[in-house]
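Engineer: My questions will all concern the structure given below.
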Amino acid sequence: MDSSHEANRERHDENEKREDEATSLVDVNLMVVLLSQLCTNESDKSLEKGREERRDHVAHEARESRARANKRLMKETKLMEKRTHVLQPMAKEFSHYRKM
1 MDSSHEANRE RHDENEKRED EATSLVDVNL MVVLLSQLCT NESDKSLEKG REERRDHVAH
61 EARESRARAN KRLMKETKLM EKRTHVLQPM AKEFSHYRKM
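Residue numbers (full-length UniProt numbering): 1 to 100.
Rendered as structure tokens:
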């Protein structure tokens, strides 16, 4: 009876050992999956942040470009106004001299 009892105990120990190994393998797989998801989420967030920064940078450049264009247009308009004011009196003076 001792030998059969001892054989049963050995089989039981072997089964427990296999179950422990299987359980530890499942635990390791679960940890790998969780860590990979965590890393993926962080990298996705950093990629999204990078895209957002680039989008903001492009929008900022576009706003600055429009502002420079508007400023340039205003300066050109002012210069044209000054030129016309200067040219009109000169034209009047020349026409006055021609009449005389």
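Note that CB positions come from ideal geometry on N, CA and C, so glycine has one too.
Between the C-alpha atoms of residue 32 and residue 64, what's the straight-line distance to the nearest angstrom?
Structural biologist: Indexing the sequence shown from 1 puts residue 32 at position 32. Indexing the sequence shown from 1 puts residue 64 at position 64. Using only the alpha carbons, I get a separation of about 47 Å.
Engineer: How many angstroms separate the CA atom of residue 48 from the CA atom of residue 35?
Structural biologist: On the sequence shown, residue 48 is found 48 positions in, with the first residue counted as 1. On the sequence shown, residue 35 is found 35 positions in, with the first residue counted as 1. Taking the straight line joining both Cα atoms gives about 20 Å.
Engineer: Expressed to the nearest angstrom, what Euclidean distance is found between the alpha-carbon atoms of residue 73 and residue 59?
Structural biologist: For the purposes of this step, residue 73 is taken as the residue at position 73 of the sequence shown. For the purposes of this step, residue 59 is taken as the residue at position 59 of the sequence shown. The straight-line gap from Cα to Cα measures roughly 21 Å.
Engineer: Straight-line CA distance for residue 12 to residue 37?
Structural biologist: Against the sequence shown, residue 12 aligns to sequence position 12. Against the sequence shown, residue 37 aligns to sequence position 37. Approximately 37 Å, taken between the alpha carbons.
Engineer: Can you tell me the Cα-Cα spacing of residue 40 and residue 78, whole angstroms?
Structural biologist: Mapped onto the sequence shown, residue 40 falls at position 40. Mapped onto the sequence shown, residue 78 falls at position 78. Roughly 57 Å between the two C-alpha positions.
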